[in-house]
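Inspection log for the structure reproduced underneath, given as structure tokens.
Number of protein chains: 2
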Amino acid sequence: MSLLDPLIAKLGSIGHLSESDRNLLAALPITVRNVGANQPVVHQGDLPKSSILVISGILSRFQELTDGGRQLVSFHLTGEMPDLHTLYIRKMDHSLVALKDSVIGHVPHDAIHAAVSASSSLMALLWRATLIDAAIFRQWMTNNGRRGPAAGTAHLLCEIALRSKVAGGLYADGACDMPFNQQQLADALGISLVHANRTLKSLKERGIALIERGRLRVLDWEALQTAAGFDPTYLHLKADS
Amino acid sequence: MSLLDPLIAKLGSIGHLSESDRNLLAALPITVRNVGANQPVVHQGDLPKSSILVISGILSRFQELTDGGRQLVSFHLTGEMPDLHTLYIRKMDHSLVALKDSVIGHVPHDAIHAAVSASSSLMALLWRATLIDAAIFRQWMTNNGRRGPAAGTAHLLCEIALRSKVAGGLYADGACDMPFNQQQLADALGISLVHANRTLKSLKERGIALIERGRLRVLDWEALQTAAGFDPTYLHLKADS
DNA sequence: CGAAACGTTGAGCTAGTTCAATCCTGGTGG
DNA sequence: CCACCAGGATTGAACTAGCTCAACGTTTCG
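Protein sequence lines, in the order shown, are assigned to chains A and B.
The opening position of the first sequence corresponds to residue 1 in the working numbering, with each subsequent residue numbered one higher.
The opening position of the second sequence corresponds to residue 1001 in the working numbering, with each subsequent residue numbered one higher.
Structural data, given as structure tokens:
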């Protein structure tokens, strides 16, 4: 039982992990830290020397606009590394915040670099993780653009549900954590707070899905998927996809 | 003088390329092909066994929605590899099209994999290239979302101008290629064709920038940057950023 | 209990959409 | 050389999705 287990599980869900890669990961040095809800973790402009691992809780990345507006660009569940990209892009062009009380670990870049040069299969898997990240960005782009608010919201809910399911244990009885307030949901979809509220209301009234006390409950998975135009291909969950 | 020179130049613009890495790149096998404007290059669902290099021209990636709408998610200038990510994510979750008559090369994955395992610095640079891609996605997400149509359009123009400038020779006398029609511009920004037209009109009337015969002409760089809230950090053009 | 944060609702307004016509440009065939 | 055509650009006008403003309800937690 290691603090790195969530990472091992996550990487195992997107590709094959050999015994030796598993050991390499388990041996990574990690410094644990608690962060409270809405606490900043990394700032735009920072030059991190380590990458964050989400051990429990949920983090989110966001860009801040000159007019004070915010665009959330991603959220990160247990086992994910939100700023893994700082391995090869030193300067943060966005910020990282905890959406609920979370436990995170700092893993020094040096150690990851060493692990990556020791195993090309591990390198491939970590690279793949950042590529899946990018695939998710593409979908969010569409959520904010052509897909439109209604379908975009549904798409985001589909994604959260599925990613939680895959993360193992985070999805049960048709429900999973989704500790965003409606302002944050709006900031992820590029719509107004009021409109986010009304979109959720509509999903609830149609018996499709609802959010209560920070948890997403999916009532009709088929309908939600249809409303979203959701195709899970982009999450590349199978090693051969 | 090799067909791989554009790639070497591109990678050199985002990091340091050693002599031996340069040689590794120059030795990559490549099959050249001409594609006409609006011709598809790779389709959603494909499982490519090679990656594309843009030798000249401009390509674009896009997602197709169930209602027939399109979301452009990126465009790619000379020296870029639009589907480099298929190295570690086999299945295309979007399509690739040429926006103007272009010359492209196919570089087999096998050869790239071999080069990457031969040189960890080259691996780092290619990985970095995909990470910068992702950083651009984040900005486009904001273009489609919180930034709003006016600033988003300006931001896109800034990005095209700067990337063309860096690509070397593509930007001269305040102008560079930008062979999108207004429908494609609208599809990149998630707005209507009419609105895209009016946004461009406004930029022209204010003496900031204009598009004529497939070329972008920047009249007032300062004003364009201000209108966009443009901060070039995200392009990570310097090796230490 | 009371305060603070979050969620919900109504009403009026506006940015952006749709529809549809017209104009412009470059390319083609006679 | 010119008439014609197709794709793209531009414009006007009516409409509406989504926004802002502002109030009020609800939950959480000290």
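Beta carbons are placed, not taken as given, at the ideal position from N, Cα and C, and that holds for glycine.
Taking a Cβ-Cβ threshold of 7 Å, the residues of chain B close to R147 (chain A) are L1065, in chain order.
Here the C-alpha atom of S1192 (chain B) lies approximately 8 Å from the C-alpha atom of Q1183 (chain B). The C-beta of T1031 (chain B) has fewer than 16 other C-beta atoms within 10 Å across all chains shown, which makes the residue exposed.
The C-beta distance from M81 (chain A) to I52 (chain A) rounds to 6 Å, short enough to fall under 8 Å. The beta carbons of S1020 (chain B) and S1120 (chain B) sit about 12 Å from each other, so the pair does not count as a contact at 8 Å. Against chain A, the CB of T1130 (chain B) has a partner CB under 8 Å away; the residue lies at that interface. Assignment of R61 (chain A) by DSSP, reduced to helix, strand and coil, places it in the strand class. With a cut-off of 8 Å on Cβ pairs, the stretch 4-14 of chain A is in contact with the stretch 125-136 of chain A, counting three or more such pairs. Across the structure, W221 (chain A) and G1057 (chain B) are spaced so that their CA atoms are roughly 43 Å apart.
Residues of chain A with a Cβ closer than 9 Å to the Cβ of K1165 (chain B) do not exist, since the nearest Cβ in that chain sits about 19 Å away. DSSP, read as helix, strand or coil, puts R1147 (chain B) in coil.
Proximity of chain B to I89 (chain A) at the Cβ level (cut-off 8 Å) is accounted for by R1128, L1131, I1132, A1135, H1236 and S1241, in chain order. In this structure I89 (chain A) does not touch A1009 (chain B) by the C-beta definition: roughly 20 Å separates them, more than the 8 Å allowed.
In terms of CA proximity to G229 (chain A), A:R146 leads the group A:A26, A:I112, A:S18 and A:R146. A straight-line Cα-Cα distance of about 28 Å links D1067 (chain B) and D1101 (chain B). Per the C-alpha coordinates, the member of A:I208, A:S2, A:G36 and A:V218 positioned closest to K165 (chain A) is A:V218. Taking 8 Å as the cut-off, the Cβ atoms of L1156 (chain B) and A1188 (chain B) count as close. By alpha-carbon distance to L1004 (chain B), the top candidate from B:T1078, B:S1018 and B:P1040 is B:T1078.
Around the beta-carbon of L1096 (chain B), 16 or more other beta-carbon atoms lie within 10 Å, marking it buried. Residues of the stretch 186-201 of chain A with a C-beta atom less than 9 Å from some C-beta of chain B are D187, A188, L189, G190 and I191, listed in chain order. E159 (chain A) and I208 (chain A) have their C-alpha atoms spaced approximately 15 Å apart. Selection A:L200, A:V103 and A:A223 evaluated against V35 (chain A) yields A:V103 as nearest (Cα-Cα). Burial is judged here by how many other beta carbons sit within 10 angstroms of a residue's own beta carbon; R1070 (chain B) has at least 16 and is buried. Taking the Cα positions, Q44 (chain A) is about 22 Å away from I55 (chain A). Cβ proximity to chain B below 7 Å picks out G69, R70, Q71, V73, H85, Y88, I89, R90, K91, D93 and H94 from the stretch 68-94 of chain A. Under DSSP, the beta-bridge partners assigned to T31 (chain A) are A:H106. Within 7 Å of the CB of M1 (chain A), no CB atom of chain B is found; the nearest one sits about 30 Å away.
By the criterion of a C-beta distance shorter than 7 Å, F1180 (chain B) is surrounded in its chain by L1099, once the five residues flanking it on both sides are discounted. Within the stretch 89-143 of chain A, the runs of alpha helix (DSSP H) that reach at least 4 residues and sit entirely inside it are, in chain order, 109-118. For chain A, none of the residues of the stretch 1004-1037 of chain B brings a beta carbon within less than 8 Å of one of its beta carbons. Shown here, P1048 (chain B) sits in coil according to DSSP, grouped into three states, outside any helix or strand. For the 8 Å CB-CB criterion, A161 (chain A) and L216 (chain A) form a contact.
Proximity of chain A to T1153 (chain B) at the Cβ level (cut-off 7 Å) is not reached, the minimal Cβ distance being about 13 Å.
In terms of beta-carbon proximity, M1178 (chain B) stays away from the interface with chain A, with every pair separated by 8 Å or more. Taking a Cβ-Cβ cut-off of 9 Å, S1050 (chain B) has no neighbours in chain A, whose nearest Cβ is about 17 Å from it. At a cut-off of 8 Å, the C-beta of N1181 (chain B) has no neighbouring C-beta in chain A.
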